[in-house]
Amino acid sequence: MKTVCVQCRIRKVRCDGAKPCCSTCERLHLDCSFHEVTEGVTVGPPRVPPKYRGTQACAQCRAMKLVGSYFSRLHALPAYSFLHQETVQRRCHEKTINFALKLALCAITALILGIHESKRDKWAWTSEHFVLDRLEQPSIFHLQALLLVIRYRAEAGQFRRAFMLAGLAARSAVALRLNYEHPELGPLAQEVRRRTFWSLYLLEDVFCVGLKEFELCRPDIIQLQLPCEDESFGQESSPNTGFLQPGMGLEPETIGSKGIYLKLVFTRRSVMKLSRQIYLKEIDLAGLFCAIDHLQSDLRRISSQFSPNDRYPPLDSDEFDWRPQYVMLQLSYHQCHCDLYRIFLSGYPEAAPQVNIEGIKPRDLTTMRHRCLKNAEEILRILFDYDTHAEGQQILDFDVAVCAYHAARLVLFGTFKENRNADSLMNTAISKAQLSLDIISRRFTFSAAVAPMRDDLSRLIQSYESLVRSSNGDGTGDLVDRGPLPAPGVSRAAAIRQQLSVHSLLLRSTFPDPSLSGIFDGVNLDFSMWPGFPGSYEQLGTAGNSDFEEQYMY
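According to the working numbering, the residues represented by the sequence shown are -12 to 541, in order.
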């Protein structure tokens, strides 16, 4: 009879049998547990600390069903594709799956499918606490569990906790050196590490885009190949997929839809950084046109790497496999163009102030405005086509709602701006926006993160309908879409520089500043006329300006 720990047996590596922790588990910071095993005997479940045994409420049969649903319903989405189906399902069946990962899988699947409402929050909390209790011992399993818990928190509306946990996840990934290649590992282990890191990279877009102070994974630290396609992942092969940025290695002719999607995400973030530079007057016109040319060149290069199956429209819409990855790729590509050209859409909330782009020829502004609106129309066209042909219960990523929301806003704004007295064209634009709203509402019933976009788009549609009914052609319609208000308690300087979108979970987190409370406890004073206190904002014209609150603190 040979003594071997569970982790070494799973990895099929030599175990020295040292107790309480073997040298391999000590080196890799793994939870080491022992079972006496002989040939032909199945390894038992990993050791769970006593304080968690009473919370292991996800029974084996229920866990198997939820894990199966995860791979059939969620795994196709880039954010959830980091787990290897055969390995995870086998470990779940053998009861050797990591405790925290199992509960996190069950929690996020139950939330998105709208089942086990009384249990899923407990699973998420238990998984999170299990990982946090071992914070100084990061592992790939705990990081994967944490990524799923963060997604759970975001979708469930627990935005502050999701935001803070994301920072811990980024630290764990860097501590595990996931941002580097590990050629000494087998193809499967390498790809799991890559996909786990890229899932973390995608997480940043849920909170904010293009803000250096909130970056989870700076591009300059990523020395990692892009993920391969699911077919190669399943076959445990490791093709060359290239890197996020050119110049880091041999670039293949085609890199697959998952790699292309990440390149588009990187480009969209670059566009948002440029937009903020323009808004803050940190770039001159020469630098602006140079940056636009560079981004346009990047988009053309990415487009050339699309495979025939990734292009729109498909040859046969009825026979085509309308998978989530396909629609995400198409929408993200056109959203890059919308984000790039809406900077010059005069009167639009996300446009640059007119004074900041003075000197650009009217002809160039017209060209960029038309490109913006054309790509917005294309987003809606693809979305409607997808919704017509795809399975009604197919799960979509948060980014699909973001693209649909922005495209509908642009179509409403652009149509009104150019055809404000043409009721038929405005009614068509309103119908498109309403269909977008219907799709968002129907396909994201589980998501609290999507709710602000849904509510804002509904308000915009009603406002434009009122304008059409009143036949108002005096230009006041430009003020219908004013964009999101800054988060309460955020300084004016931060609000101007950050320019967060309505779908940014950072905007909705509204972290309280303890220094603003308790300053005058126990003092009976009338603050109604003091600047910065409720009741005085409207009189002084300083509504929501936290600078007035903070100037009396010190």
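The beta-carbon is built from N, C-alpha and C at its ideal position, and this holds for glycine as well.
The shortest CA-to-CA distance from D207 to any of G379, P214 and L231 is the one to L231. Proximity of the stretch 263 to 278 to the stretch 203 to 219 falls short of the contact definition, fewer than three beta-carbon pairs being nearer than 8 Å. Checking the DSSP bridge columns, you'll see Q212 partnered with F230.
Separation of S290 and Q72 (C-alpha to C-alpha, rounded to the nearest whole angstrom) is 30 Å. The bridge partners DSSP lists for Y167 are Q210.
Contact between V252 and L318 is absent: CB atoms are separated by about 12 Å, not below the 8 Å threshold.
Taking the Cβ atoms as the reference, L198 lies roughly 17 Å from L187, outside the contact range of under 8 Å. Between V136 and A94, the CB-CB gap stays under 9 Å. The beta-carbon distance between L165 and E223, rounded to whole angstroms, is 19 Å. This is too long to meet the 8 Å contact definition. Setting aside the 5 residues that flank it on each side, L261 is surrounded in the same chain by A278, each with a C-beta closer than 6 Å to its C-beta; the list follows chain order. A distance below 9 Å separates the beta carbons of L422 and F371. Taking a 10 Å sphere around the C-beta of K245, we find 16 or more other C-beta atoms and assign the residue as buried.
By alpha-carbon distance to L397, the top candidate from R182, V467 and Q124 is V467. Taking the Cα of W112 as reference, the smallest distance to any Cα among W309, R358, C45 and Y313 is reached at C45.
Between F403 and R446, the alpha-carbon positions lie close to 16 Å from each other. As the crow flies, the alpha-carbon of I265 is around 29 Å from that of A420.
When C-alpha distances from L122 are compared across L92, A141 and A160, the shortest belongs to A160.
Using a 10 angstroms sphere on the CB of F128, the tally of other CB atoms reaches 16 or more, which defines it as buried. Look at E73 here: in three-state DSSP terms it is helix.
The beta carbon of L17 sits closer than 7 Å to the beta carbons of Q(-6) and S126 from its chain, once the five residues preceding and following it are set aside; these are given in chain order. Per DSSP, the unbroken alpha helix (DSSP H) holding Q177 starts and ends at P174 to F194. In chain order, I417 place their CB closer than 8 Å to the CB of E452, counting only its own chain and leaving out the 5 sequence neighbours on each side. Three or more pairs of CB atoms, one per stretch, sit closer than 8 Å, so the stretch 351 to 361 contacts the stretch 328 to 335. For A153, the enclosing alpha helix (DSSP H) starts and ends at F146 to A162. According to the DSSP assignment, K404 belongs to the alpha helix (DSSP H) that extends over F385 to N406.
Looking at the backbone, the Cα of C19 and that of G4 are separated by about 10 Å. Burial state of H103 is buried, judged by a 10 Å Cβ sphere holding 16 or more other Cβ atoms. The alpha-carbon of P336 is positioned some 43 Å away from that of A87. Under the three-state reduction of DSSP output, M413 falls in the helix class. Secondary structure note for I265: its alpha helix (DSSP H) is the uninterrupted segment G243 to Y266. By the neighbour-count definition (other C-beta atoms within 10 Å, threshold 16), V196 is a buried residue. Rounded to the nearest whole angstrom, the CA to CA distance from I369 to Y313 is 10 Å. Cβ contact annotation for C323 (same chain, cutoff 7 Å, sequence separation greater than five): L251, T254, R255, V258 and L286, in chain order. Judged by DSSP in its simplified three-state form, Q322 adopts helix.
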